[in-house]
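Chemist: Attaching a single structure in C-alpha cells format; questions to follow.
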C-alpha cells in the first residue's frame with residue numbers, strides 16, 4: 102500500500118520514539134534516550150518483541166522493580182534539565198501498579214517521563230485474564246486507572262490507530278515546560294501485537310521546540326517597578342531557574358543590585374554556594390541566613406518555584422504584612438501563588454530583559470548579606486564538628502530522647518558518629534564536580550542546610566514528593582545522564598530497606614554509583630517529628646520483639662550483590678573509604694552507623710503538621726497550643 106507501513110502497535114510505538122527530537126537554544130538532539138523495562142504478561146510479546154526486532158538508537162535497560170526503574174528514568178530527565186527522557190514499560194496488574202509512587206514523584210516535580218504499562222485485553226474475550234482486577238460496576242476499569250491522578254497526561258489505547266493521536270498528545274505535554282510531567286499511555290496487550298497500516302508520515306522526524314516564552318511589556322514594566330520600589334528584595338531560586346539555565350543572569354542581577362539569593366531544594370546548585378550573595382536553603386530545611394533575610398524582605402521574587410510548605414515554612418517564612426510578591430514562572434498556576442504579581446514567562450528570558458530596566462537600582466541590605474553568610478558559616482562549622490560525649494548530652498535539646506537511650510544506640514551500633522559530622526566530612530572529601538542524590542528522611546534537611554555545592558547542577562534532591570526509595574534508583578539515573586562524574590546516593594537505612602533494587606541494575610550494566618548509607622536503626626526523621634510534638638517514641642525505631650536495637654550489616658548485603666563495600670564509623674575511616682571508593686570501577690557502598698538525634702534542626706522556621714487537638718498527654722496539649730499560636734501568624738491563602 103502506497104505511503105503506508107504495516108506494523109504492530111508496539112512496533113509503531115518503537116519506530117515513533119526513535120524519531121522524536123527536541124530543539125533547545127539552537128541545539129537539536131533525540132528526545133528519547135532509551136527504555137527501561139521489566140517484561141512480563143502484557144508487554145513482553147508486544148513491546149518486548151518490537152524492541153528485540155529493532156530498537157533503533159534506543160538504549161534498553163532491564164530494571165529490577167517497576168518503581169525503582171521509573172525513579173531512575175525520572176532522575177535521568179531531571180539531571181538532563183527535562184530535555185531528554187527514558188520511557189518505562191511494565192507488565193499488567195501489579196507491574197503497572199508499582200508505577201504509582203514514581204508517577205506521583207514525576208508529577209510533583211514536573212519531570213517528563215513516558216510510562217507504558219501493559220493493560221488488559223481490549224477484546225475482553227479472555228476476561229478475566231491473569232492479573233486483571235474486576236469491578237461489578239464497570240468492566241472498563243483496570244489497574245492502570247490508578248495512574249490517572251498521578252499523570253499529567255493519561256490515555257488507554259484499545260485500537261492500533263489510536264496510538265497516533267495518543268503519542269502526539271503525550272509528547273506535546275512532555276515537551277511543554279509549563280506542564281511537563283509524566284505521560285502514561287496504557288496499551289491493551291492484545292492491541293500491542295495487532296497490525297495496522299500506518300501512514301508513513303507518522304514516522305518522519307518530528308522536532309519539538311522548547312522556545313523560551315518571553316514576557317510581555319506589561320509584565321516587564323510591572324516587575325521592574327516592584328523591584329525598584331523595594332528596599333530589601335530577596336530572590337527565591339526555584340527549580341525553574343535551574344531548568345531555564347538562568348545562572349549567569351541571576352548572578353549578574355544579584356551582584357549589580359546587591360540582592361540576596363535563597364534556594365529551594367530544586368533550585369539548589371543553580372548557583373554555587375561560594376557566590377557571596379547566595380544564602381542557601383530557605384524554609385523548614387533552610388539556613389539561618391536565608392530565613393533571616395526572607396523575614397526581613399519587603400519583596401519576594403520567586404523564580405520558578407512552587408512555594409511548597411517547606412520553602413515557605415507553612416506560610417510563615419515571610420512578613421506578609423509588609424512583603425509583596427513577584428513570581429516569574431512558565432506555569433500560570435504557579436505564578437498566581439501568594440497573590441503575587443505574575444510574569445508568566447521563561448525565567449532566563451525574563452531576567453535578561455529586566456537587566457536594562459533595573460539600571461541604577463541598589464538594595465538597602467548593605468553589609469547584612471555578608472554578615473548573615475558569615476554567621477551561618479560559623480554555625481555550619483560547629484555542626485561539622487559535633488562529637489558524642491556520654492556525660493555532656495542535653496536531652497532537653499533533643500526532643501526528650503534520653504541520654505540512656507542514646508548510650509544504648511552507641512553500644513548497639515558500636516558508634517559515636519554524628520550525622521552532621523559525617524556529611525561535612527563527605528562534602529570536604531569527594532570531588533566538587535560529583536553529583537549528590539537524596540530524597541527522604543532527615544538527609545534532605547541536612548543537605549539543604551549544610552551541603553555546599555561548588556559546581557552547578559550537582560545537587561540532585563527529590564523533595565517535591567519526598568519519595569523514600571528514590572535515592573539509589575535516582576543515582577543510577579543521574580549516572581546515565583552524567584556518566585563522566587562520580588555520583589553519590591545519600592540514603593538512610595529506612596529508605597534503603599524500602600528500595601535499593603536498582604543497585605543490581607547499576608552493577609549489571611557497570612554504571613558505577615556510590616551509596617552512602619546512614620544507619621541510625623530507624624525512621625529517625627519521623628521519630629523527631631513525633632517526639633518533637635509531644636508523642637513518645639512509638640514504632641519509629643527499629644527494635645526486635647524483645648526491645649533490642651536492630652544492627653543490620655548492610656555492607657554484607659551489598660557485598661553479596663557484588664558491590665565494593667566499606668564500614669566507616671569515624672572521620673578517619675570515612676575519609677579513607679571515600680578515597681578508596683574513588684579508585685573503584687564498580688559500584689560501592691559505605692555503611693556508616695550514626696547516632697539518632699545528631700542531624701540538624703530548624704532555624705527560625707515552622708512546619709504545620711497534624712497535631713492532636715485532644716490528648717491526655719500534657720506534652721501533646723502543649724504542642725497543639727504552639728501550633729494554634731503559629732497558625733494564627735501564617736498567611737491564610
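Residue numbers (the working numbering): 102 to 738. Quick reminder that beta carbons are idealized off the backbone N, C-alpha and C, glycines included.
1) Cβ of residue 341 within 7 Å of Cβ of residue 405?
2) Among residues of its own chain, excluding the 5 on either side of residue 415, which ones have a beta-carbon nearer than 7 Å to its beta-carbon?
3) Could you round the C-beta distance between residue 606 and residue 164 to whole angstroms and report it? I think they count as a contact, below 8 Å.
4) Ordered along the chain, which non-local residues of its own chain (more than five positions away) have a Cβ less than 7 Å from that of residue 583?
5) Report yes or no: do the segment 565-582 and the segment 505-518 share at least 3 C-beta pairs separated by less than 8 Å?
6) Using beta-carbon positions only, say whether residue 390 and residue 383 come within less than 7 Å of one another.
7) One question on the structure: do residue 276 and residue 309 come within less than 7 Å of each other, judged by their Cβ atoms?
8) Rounded to the nearest angstrom, what separates residue 632 and residue 721 at their Cα positions?
9) Note down, in chain order, each residue of its chain lying with its Cβ closer than 8 Å to the Cβ of residue 104, except the 5 sequence neighbours on either side.
10) Where in the segment 128-203 do unbroken runs of the alpha helix (DSSP H), each at least 4 residues long, occur, reported from the N-terminal end onward?
11) Cutting at 7 Å between CB atoms, please list the residues of its own chain near residue 264, excluding the five before and the five after it.
12) Identify the continuous beta strand (DSSP E) that holds residue 693 and give its terminal residues.
13) For residue 291, count neighbouring C-beta atoms within 10 Å of its own C-beta (all shown protein chains included) and say buried if the count is 16 or more, exposed if not.
14) Please name the residue, chosen from 360, 407 and 529, that lies closest to residue 471 on a Cα-to-Cα basis.
15) To the nearest angstrom, how far is the alpha carbon of residue 367 from that of residue 591?
16) Taking the alpha-carbon of residue 395 as reference, which of 426, 407 and 371 has the nearest alpha-carbon?
17) Is DSSP giving residue 538 helix, strand or coil here?
18) Measure the alpha-carbon distance for residue 542 versus residue 698 and round it to whole angstroms.
19) What is the residue span of the alpha helix (DSSP H) that residue 662 lies within?
20) Shortest alpha-carbon distance to residue 578 belongs to which of 149, 168 and 122?
21) For residue 229, is the classification buried or exposed, using 16 other Cβ atoms within 10 angstroms of its Cβ as the cut-off for buried?
22) For the alpha helix (DSSP H) containing residue 507, name the first residue and the last one.
23) Residue 483 lies in the alpha helix (DSSP H); which residues open and close that run?
24) Which full runs of the beta strand (DSSP E) of 3+ residues lie inside the segment 343-384, going along the chain?
25) Helix, strand or coil, according to DSSP, for residue 498 in the structure here?
26) Kindly indicate which three-state DSSP category residue 642 falls into: helix, strand or coil?
27) Is it buried or exposed for residue 251, if we count other Cβ within 10 angstroms and need 16 for buried?
28) I'd like the list of long-range same chain contacts for residue 626, defined as Cβ closer than 6 Å, with 5 residues on each side in sequence excluded.
29) When we look at the beta-carbon of residue 729 and count the other beta-carbons within 10 Å, is it buried (16 or more) or exposed?
30) Between residue 215 and residue 188, which are expected to be in contact by the criterion C-beta below 8 Å, what is the C-beta distance as a whole number of angstroms?
31) With DSSP collapsed to three states, give me the class of residue 300.
32) Report the three-state DSSP secondary structure of residue 738 (helix, strand or coil).
33) Output yes or no for whether 7 Å exceeds the beta carbon distance between residue 372 and residue 407.
34) CA-CA distance, residue 531 and residue 195?
35) Between the beta-carbon of residue 321 and the beta-carbon of residue 338, is there less than 7 Å?
36) Can you tell me whether DSSP reads residue 488 as helix, strand or coil?
Modeler: For this structure:
1) Result yes, Cβ atoms of residue 341 and residue 405 sit closer than 7 Å.
2) Excluding residues up to 5 positions away in sequence, 707, 708, 709 and 735 lie with their Cβ nearer than 7 Å to the Cβ of residue 415 in the same chain.
3) About 6 Å separates the two Cβ atoms, so the contact holds.
4) The beta carbon of residue 583 sits closer than 7 Å to the beta carbons of 180 and 536 from its chain, once the five residues preceding and following it are set aside; these are given in chain order.
5) They do not touch, by the three-pair rule.
6) No. Outside cutoff.
7) Yes, they are a contact pair.
8) Residue 632 and residue 721: Cα-Cα distance of roughly 9 Å.
9) When the five nearest sequence neighbours on each side are left out, the beta carbons in the same chain lying within less than 8 Å of the beta carbon of residue 104 are those of 300, 301 and 302, in order along the chain.
10) If only complete runs of 4 or more residues are kept, the segment 128-203 shows the alpha helix (DSSP H) at 148-154, 167-180 and 195-198, in order along the chain.
11) The beta carbon of residue 264 sits closer than 7 Å to the beta carbons of 110, 113, 114 and 258 from its chain, once the five residues preceding and following it are set aside; these are given in chain order.
12) In the DSSP assignment, residue 693 falls within the unbroken beta strand (DSSP E) covering 689-694.
13) Answer is buried; the Cβ neighbour count reaches 16.
14) For residue 471, the nearest C-alpha among the options comes from 360.
15) Each residue's Cα considered, the two are about 16 Å apart.
16) Considering only alpha carbons, the answer is 426.
17) Here residue 538 sits in strand by DSSP.
18) Linking residue 542 to residue 698 through their CA atoms gives a straight-line distance of about 13 Å.
19) Per DSSP, residue 662 belongs to the alpha helix (DSSP H) from 655-662.
20) Checking every option, the nearest Cα to that of residue 578 belongs to 168.
21) Classification of residue 229: exposed, given that the 10 Å Cβ count is below 16.
22) 504-514 is the span of the alpha helix (DSSP H), which, as asked, contains residue 507.
23) 469-484 is the span of the alpha helix (DSSP H), which, as asked, contains residue 483.
24) As far as the segment 343-384 is concerned, its whole beta strand (DSSP E) runs of at least 3 residues are 362-364 and 379-382.
25) Its pLDDT being 42, under 50, residue 498 is placed unreliably by the model, and the measurement read from it follows with that caveat. In the three-state DSSP reduction, residue 498 falls in the helix class (H, G or I).
26) Looking at residue 642 - three-state DSSP - the assignment turns out to be strand.
27) Label assigned to residue 251: buried.
28) Taking C-beta separations shorter than 6 Å and ignoring five residues to either side along the sequence, the partners of residue 626 in its chain run 542 and 543, following chain order.
29) Answer is exposed; the Cβ neighbour count stays below 16.
30) The distance from the Cβ of residue 215 to that of residue 188 is about 4 Å, consistent with a contact at the 8 Å cut-off.
31) Reduced to three states, the DSSP call for residue 300 is strand.
32) Assignment of residue 738 by DSSP, reduced to helix, strand and coil, places it in the coil class.
33) No.
34) Going by the C-alpha atoms only, they are around 40 Å apart.
35) Cβ atoms of residue 321 and residue 338: not closer than 7 Å.
36) Looking at residue 488 - three-state DSSP - the assignment turns out to be coil, as it is neither helix nor strand.
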